[in-house]
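Down below is the structure, laid out as structure tokens.
There are 2 protein chains.
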Amino acid sequence: MKVIVAQQCGFCHGVKNAISMAEKILAKEKDVYSLGPIIHNKDEVQRLAKKGLKTVNRVEEIPSGTVLIRSHGAAPEQMAKLKEKKLNIVDATCVLVKRVQQIAAELERDGYKVVVIGDENHPEVGAVVGSCGETIVIADESDLHKLPENDRLGIVCQTTQSPQYFSKMLCAIAKKGFSELKVINTLCKEAIKRQQSAVELCKQVDVMFVLGGLESANTHKLAELCKKVNKQTFHLQNWNELDKNILPGKNVVGITAGASTPEWIIAEFAENLTAKD
Amino acid sequence: MKVIVAQQCGFCHGVKNAISMAEKILAKEKDVYSLGPIIHNKDEVQRLAKKGLKTVNRVEEIPSGTVLIRSHGAAPEQMAKLKEKKLNIVDATCVLVKRVQQIAAELERDGYKVVVIGDENHPEVGAVVGSCGETIVIADESDLHKLPENDRLGIVCQTTQSPQYFSKMLCAIAKKGFSELKVINTLCKEAIKRQQSAVELCKQVDVMFVLGGLESANTHKLAELCKKVNKQTFHLQNWNELDKNILPGKNVVGITAGASTPEWIIAEFAENLTAKD
Numbered sequence: 001m002k003v004i005v006a007q008q009c010g011f012c013h014g015v016k017n018a019i020s021m022a023e024k025i026l027a028k029e030k031d032v033y034s035l036g037p038i039i040h041n042k043d044e045v046q047r048l049a050k051k052g053l054k055t056v057n058r059v060e061e062i063p064s065g066t067v068l069i070r071s072h073g074a075a076p077e078q079m080a081k082l083k084e085k086k087l088n089i090v091d092a093t094c095v096l097v098k099r100v101q102q103i104a105a106e107l108e109r110d111g112y113k114v115v116v117i118g119d120e121n122h123p124e125v126g127a128v129v130g131s132c133g134e135t136i137v138i139a140d141e142s143d144l145h146k147l148p149e150n151d152r153l154g155i156v157c158q159t160t161q162s163p164q165y166f167s168k169m170l171c172a173i174a175k176k177g178f179s180e181l182k183v184i185n186t187l188c189k190e191a192i193k194r195q196q197s198a199v200e201l202c203k204q205v206d207v208m209f210v211l212g213g214l215e216s217a218n219t220h221k222l223a224e225l226c227k228k229v230n231k232q233t234f235h236l237q238n239w240n241e242l243d244k245n246i247l248p249g250k251n252v253v254g255i256t257a258g259a260s261t262p263e264w265i266i267a268e269f270a271e272n273l274t275a276k277d
Numbered sequence: 278m279k280v281i282v283a284q285q286c287g288f289c290h291g292v293k294n295a296i297s298m299a300e301k302i303l304a305k306e307k308d309v310y311s312l313g314p315i316i317h318n319k320d321e322v323q324r325l326a327k328k329g330l331k332t333v334n335r336v337e338e339i340p341s342g343t344v345l346i347r348s349h350g351a352a353p354e355q356m357a358k359l360k361e362k363k364l365n366i367v368d369a370t371c372v373l374v375k376r377v378q379q380i381a382a383e384l385e386r387d388g389y390k391v392v393v394i395g396d397e398n399h400p401e402v403g404a405v406v407g408s409c410g411e412t413i414v415i416a417d418e419s420d421l422h423k424l425p426e427n428d429r430l431g432i433v434c435q436t437t438q439s440p441q442y443f444s445k446m447l448c449a450i451a452k453k454g455f456s457e458l459k460v461i462n463t464l465c466k467e468a469i470k471r472q473q474s475a476v477e478l479c480k481q482v483d484v485m486f487v488l489g490g491l492e493s494a495n496t497h498k499l500a501e502l503c504k505k506v507n508k509q510t511f512h513l514q515n516w517n518e519l520d521k522n523i524l525p526g527k528n529v530v531g532i533t534a535g536a537s538t539p540e541w542i543i544a545e546f547a548e549n550l551t552a553k554d
């Protein structure tokens, strides 16, 4: 069995930075909290929990100490609460995610109705929404009714979405009608390269494994794109989740992984596959 | 035979204004020139020629006197030449067309690459192109290769195009990729209403006549939209062009007309149809 790992996959700069910041603080401090899971990967969250990182979902759950803002960012409202509690804030928000928040706020200041294309329930989108007074989140065509008629729309996109999805939603918005559109391309170029790399690999393999947390938006997007090209695509969190009955008859196997999937999960998966051969 | 004239058709505000300005000047002056045909309608140009309006295509052809800038506008370069010649300039540029020129110049000043969606050979588009240092005209998908990669694009549209065409071209541009899009909706609302009114009428008639000059972009657009709904659509300049063999068996006849088609051409056509019955 030939095992090919996508040229570009696994931790992105933003995630690497957040993990490294967490490890540095954990090495010298005791009370370290992450506001929401540091990344959408259970295994990595568990690994850091063993080193002392406490994951909480609300500011109210943090009594004192240091709070780490994960790469998805936090809404200004949450940041204000953290400051009020006089906690030591370590901000690991991805620079690209922070840029979306800033752009959205600027668009609103310039009089545009802010439109965020993406998943309303994703923390990154939540933080962008929190950066503005009023926003409209468009996840798909069923949300188009939320748009005002003939208005000035300032549009940004969740960083980990695909260019195909972004332009499809822009088309739908343009067709609905507007007086002015200001659209800033806020897609993460690294995420796009991973998507392209995964789709390319997909075409050459008998089966494709997309490794990553079930709550990871970018892993879902990778799996979705791969499935369009190769129906034998499986989104798994790790080696344990693999149904070994899939393997017989498969000569070439592809592996890719989301931006929040640690290197050790990818390596373990690839090594176990090779060993089974 | 039932003859129905579209509720909204014929001269638009911009054209009405240009004709009325021409008539006022012709009433008191002798040397009156129009830089390019005042409107894209041969019959109306001839009517005004009889009153003394001389149509020229180049500034160099005007020795002295008054020059009328038609509703399509003129490029700043031409305006400068006219001023240099110390001609008396009467500007009948449609306010919406002038707005497109101003917006395009502003977009360029703000660092955007200016993109004009429309027909490169139409004088309105020519005047917009002339208002900027550099522009890219996109008429259809075959022009997309002209767009720079990952750039900041400032987009306007020829005023008389349809919203369907505008959004279709925006989709194509969005799919091509960009770093920022600033799109100003420069479509003429009156033109859109005429298009809607024509399409509605089309559905109720056995045959549809779209009256207007063969060089009139908005008349072409009307005919194109009507043809999609009713194959029995004919673009004619006037009553003389009608092939009378079309009429037998037609019970309900629809008439619409471009923004540069004078009322008397529409009335003549409708009256002759009714008289034939």
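Protein chains in written order, with our numbering: chain A, 1 to 277; chain B, 278 to 554. Glycine included, C-beta positions come from ideal geometry on N, C-alpha and C.
Are the beta-carbon atoms of residue i and residue j separated by less than 8 angstroms?
i: L286/A; j: I255/A; result: Only positions 1 to 277 of chain A appear in the structure, and residue 286/A is not among them; the question remains open.
i: L201/A; j: I173/A; result: no
i: Q438/B; j: L458/B; result: no
i: A18/A; j: L48/A; result: no
i: G291/B; j: S348/B; result: yes
i: C226/A; j: V253/A; result: no
i: Q102/A; j: E124/A; result: no
i: V5/A; j: A270/A; result: yes
i: L26/A; j: K51/A; result: yes
i: N185/A; j: F511/B; result: no
i: L499/B; j: Q472/B; result: yes
i: Q8/A; j: K193/A; result: yes
i: V115/A; j: I138/A; result: yes
i: P525/B; j: F288/B; result: no
i: C94/A; j: C448/B; result: no
i: K375/B; j: G342/B; result: no
i: A257/A; j: I246/A; result: no
i: Y112/A; j: L153/A; result: yes
i: K244/A; j: V207/A; result: no
i: Q514/B; j: K319/B; result: yes
i: I346/B; j: I366/B; result: yes
i: V183/A; j: I155/A; result: yes
i: S197/A; j: H40/A; result: no
i: K175/A; j: S444/B; result: yes
Self-check item: Segments of 3+ residues assigned as beta strand (DSSP E) that fall wholly inside the stretch 453-495 of chain B
Solution: 457-461, 484-488
Quiz prompt | Chain-ordered residues of the stretch 156-190 of chain A with a beta carbon less than 7 angstroms from chain B | solution = P163, S167, L170, C171, A174, K175, G177, F178, S179, E180, L181, K182, V183, I184, N185
Quiz item: Going along the chain, which unbroken runs of the alpha helix (DSSP H) with 4 or more residues stay wholly within the stretch 319-358 of chain B?
Solution: 319-327
Practice problem: Ignoring anything shorter than 4 residues or poking outside the stretch 93-159 of chain A, list the alpha helix (DSSP H) runs there in chain order. | Solution: 95-109, 123-130
Practice problem: Could you say if the stretch 129-144 of chain A and the stretch 105-118 of chain A meet the contact criterion of at least three C-beta pairs nearer than 8 angstroms? | Solution: yes
Quiz prompt | Meets three-Cβ-pair contact criterion under 8 angstroms: the stretch 75-94 of chain A and the stretch 20-40 of chain A | solution = yes
Quiz prompt | Every unbroken beta strand (DSSP E) within the stretch 486-545 of chain B, with a cutoff of 3 residues, ordered by chain | solution = 510-513, 529-534
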